[in-house]
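>
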Amino acid sequence: MDLQAALALAVEESVAARGISTPNPPVGAVILAADGTVAGRGRTAPAGGPHAEVVALAEAGEAARGGTAVVTLEPCDHTGRTGPCTQALLAAGVARVAYAAADPNPVAAGGAHTLRAGGVEVEHLDVEPWPLTEWLFRQRHGRPMVTVKLAATVDGRIAAPDGTSQWITGPAARARAHSERAQLDAIIVGTGTVLADDPALTARNADGEPLEHQPTRIVLGEREIPADAKVLTGPGAAHLVRGRDPHAALAAAGDAVHIQVEGGATVIGAFVAAGLVDRVQAYIAPVLLGAGLPALTVPGVGTLADATRFRLESVERLGDDVLVTLLRSS
51 MDLQAALALA VEESVAARGI STPNPPVGAV ILAADGTVAG RGRTAPAGGP HAEVVALAEA
111 GEAARGGTAV VTLEPCDHTG RTGPCTQALL AAGVARVAYA AADPNPVAAG GAHTLRAGGV
171 EVEHLDVEPW PLTEWLFRQR HGRPMVTVKL AATVDGRIAA PDGTSQWITG PAARARAHSE
231 RAQLDAIIVG TGTVLADDPA LTARNADGEP LEHQPTRIVL GEREIPADAK VLTGPGAAHL
291 VRGRDPHAAL AAAGDAVHIQ VEGGATVIGA FVAAGLVDRV QAYIAPVLLG AGLPALTVPG
351 VGTLADATRF RLESVERLGD DVLVTLLRSS
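Under the working numbering, residues 51 to 380 are what the sequence shown spells out, in order.
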């Protein structure tokens, strides 16, 4: 197997670590035996557990000796809750290491240098696999990546004039939204959304059952919400943040890497106005309302020149709906 094919397998492993590995990066690793066959695969375990390289080496056993390790991120070179991955690779007798993205964290970086000093051939593939996007963002910007999720009609409404909103989008779009939730660290909504809809904000499977990993739920606002609100009583952690400051909501998320803001219009608008929206995922239904609740309200925008600009990343059809993903322009 060549390096690109092995890297594709490593990326596949890393996808399953998204959300559960925080604050560690969601890394995937593949060990190729000396003859090029796959001997081991691994992904980052939850915090405190083994890193991807260690998991893959354990599966490979003696087949790792003289083989190649293909990793989505430069192997770490520091001791935290676990030992350095560089030492595990050296002890296993790996002859070659190929890694995709360089580690920007000064505490953990330097793995490539240590491996070369230990006689290992090292190749930097110089790509950034998409499952690392949010973690790399946090390392570079010092805050979590913020995604705004909208489910709206084609004319930008998230509810009819009478407040009804279930369901604007179809089953395929809702299923995708739940699969995305399972990879998040936290979800933020306003007190108005909780009072209007009493959402659970949990990640669920196709049968409606809660998944093992649940993002932290954060409610931002000044109004009181019932103590038995689903957002407070469901599985996983929940926090109530008084006020309207988006930065306070981010602080409540702790060391989160990826946060999703799901509403309502005022909370989303506050994040936009604060310059804290990095990605938008808009699930657009082929429905026209003509009136009702808008998807967001941004204070201080009186002319087109004041609008927040994004660039189009992708468009995907989900049943009768469309998922439009936008990234911040700057």
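Yeah, the Cβ is synthetic: ideal placement off N, Cα and C, and Gly gets one too.
Just tell me which of Asp176, Pro100, Gly340 and Ala159 has its CA closest to the CA of histidine 128.
Taking the first residue of the sequence shown as position 1, residue 128 is located at position 78. The shortest C-alpha separation from histidine 128 is found at Ala159.
> Could you tell me which of Arg207, Ile81 and Arg226 sits nearest to valine 337, measuring between CA atoms?
The residue you call residue 337 lines up with position 287 of the sequence shown. Minimum Cα distance to valine 337 is reached at Arg207.
> Which stretch, first to last residue, makes up the beta strand (DSSP E) that contains arginine 361?
Numbered from its first residue, the sequence shown carries residue 361 at position 311. 360-368 is the extent of the beta strand (DSSP E) around arginine 361.
> Could you check the C-alpha separation between asparagine 74 and valine 196 for me, to the nearest Å?
Here the question's residue 74 lines up with position 24 in the sequence shown. Here the question's residue 196 lines up with position 146 in the sequence shown. Going from the Cα of asparagine 74 to the Cα of valine 196 covers about 18 Å.
> Specify the secondary structure class of glutamate 274 as computed by DSSP and reduced to three states.
Taking the sequence shown and counting its residues from 1, one reaches residue 274 at position 224. Three-state result, glutamate 274: coil.
> Pair every Cβ in the region 260-280 with every Cβ in the region 294-302, then say whether three or more of these pairs are closer than 8 Å.
yes
> Let's test the definition: count the other Cβ atoms within 10 Å of the Cβ of alanine 106 and tell me whether it reaches 16, buried, or not, exposed.
Start at 1 with the first residue of the sequence shown, and residue 106 comes out as number 56. With 16 or more other Cβ atoms within 10 Å, it is buried.
> Is glycine 220 near glycine 369, with beta carbons less than 8 Å apart?
Here residue 220 refers to the residue found at position 170 of the sequence shown. Here residue 369 refers to the residue found at position 319 of the sequence shown. A contact, by the Cβ cut-off of 8 Å.
> Just verifying my parser: in three-state terms, what is the DSSP assignment at isoleucine 218?
As a position in the sequence shown, residue 218 is number 168, starting the count at 1. Three-state result, isoleucine 218: coil.
> Per DSSP, alanine 151 is paired with what?
By one-based count along the sequence shown, residue 151 stands at place 101. Answer by DSSP bridge pairing, in chain order: Leu123.
> For aspartate 247, does the three-state DSSP call read helix, strand or coil?
The count along the sequence shown starts at 1 and reaches residue 247 at position 197. Three-state result, aspartate 247: helix.
> Rounded to a whole number of angstroms, what is the C-alpha to C-alpha distance between glutamine 189 and tryptophan 180?
Residue numbering aside, residue 189 sits at position 139 when the sequence shown is read from its first letter. Residue numbering aside, residue 180 sits at position 130 when the sequence shown is read from its first letter. Between glutamine 189 and tryptophan 180, the C-alpha separation is close to 15 Å.
> Mind checking threonine 94: buried by the 16 CB within 10 Å criterion, or exposed?
Here residue 94 refers to the residue found at position 44 when the sequence shown is read from its first residue. Its Cβ being crowded by 16 or more others within 10 Å, threonine 94 is buried.
> Pull up the CB-CB distance for alanine 148 and leucine 175, whole angstroms please, since I reckon it's below 8 Å.
The residue given as residue 148 occupies position 98 in the sequence shown. The residue given as residue 175 occupies position 125 in the sequence shown. About 6 Å; that satisfies the 8 Å criterion.
> Where do the ends of the alpha helix (DSSP H) carrying arginine 207 lie?
Within the sequence shown, residue 207 is the residue found at index 157, counting from 1. From DSSP, arginine 207 is part of no alpha helix (DSSP H) but of the beta strand (DSSP E) over 207-209.
> Terminal residues of the continuous beta strand (DSSP E) containing glycine 78?
In the sequence shown, counting from the first residue as 1, residue 78 sits at position 28. Segment 78-82, the beta strand (DSSP E) holding glycine 78.
> In this structure, how does DSSP classify threonine 252 when only helix, strand and coil are distinguished?
Counting from one through the sequence shown, the residue named residue 252 turns up at place 202. The answer is coil: DSSP assigns threonine 252 none of H, G, I, E or B.
> Report the rounded CA-to-CA distance for aspartate 371 versus alanine 298, giving the unit in angstroms.
Looking up residue 371 in the sequence shown gives position 321. Looking up residue 298 in the sequence shown gives position 248. The straight-line gap from Cα to Cα measures roughly 34 Å.
> Which residues bound the beta strand (DSSP E) around arginine 166?
Residue 166 sits at position 116 when you count from the first residue of the sequence shown. From DSSP, arginine 166 is part of no beta strand (DSSP E) but of the alpha helix (DSSP H) over 161-167.
> From the DSSP output, in three-state form, read off aspartate 257 for me.
As a working note, residue 257 is residue 207 in the sequence shown. DSSP places aspartate 257 in coil when its eight states are reduced to three.
> Quick one: Cα of glutamine 264 to Cα of glutamate 63, how far?
Translated into positions along the sequence shown, residue 264 becomes position 214. Translated into positions along the sequence shown, residue 63 becomes position 13. Cα to Cα, the separation comes out at about 19 Å.
> Identify the continuous alpha helix (DSSP H) that holds valine 144 and give its terminal residues.
Residue mapping note: residue 144 aligns to position 94 of the sequence shown, counting from 1. Counting along the chain, valine 144 falls outside any alpha helix (DSSP H), and DSSP gives it neither H nor E.
> Within its chain, find whatever has a CB closer than 8 Å to the CB of isoleucine 275; leave out the 5 residues flanking it on each side and keep chain order.
Along the sequence shown, one-based indexing puts residue 275 at 225. Excluding sequence neighbours, isoleucine 275 sits near Thr241, Val244, Leu245, Val269, Val281, Leu282 and Leu290.
> Residues in its own chain within less than 7 Å of glycine 60 by CB, not counting five upstream and five downstream?
To locate residue 60, count along the sequence shown from 1; it is residue 10. Checking the sequence shown, residue 60 turns out to be alanine, not glycine. Taken in chain order, the residues that qualify are Gly78, Ala79, Val80, Val120, Val121 and Thr122.
> By Cβ distance below 6 Å, which residues in the same chain neighbour lysine 199 in space, the five residues on each side in sequence not counted?
Taking the sequence shown and counting its residues from 1, the one referred to as residue 199 is at position 149. Cβ neighbours of lysine 199 beyond the five flanking positions: Gln310, Glu312 and Gln331.
> Cβ of leucine 376 within 8 Å of Cβ of glutamate 363?
Working through the sequence shown from its first residue, we reach residue 376 at position 326. Working through the sequence shown from its first residue, we reach residue 363 at position 313. Contact: yes.
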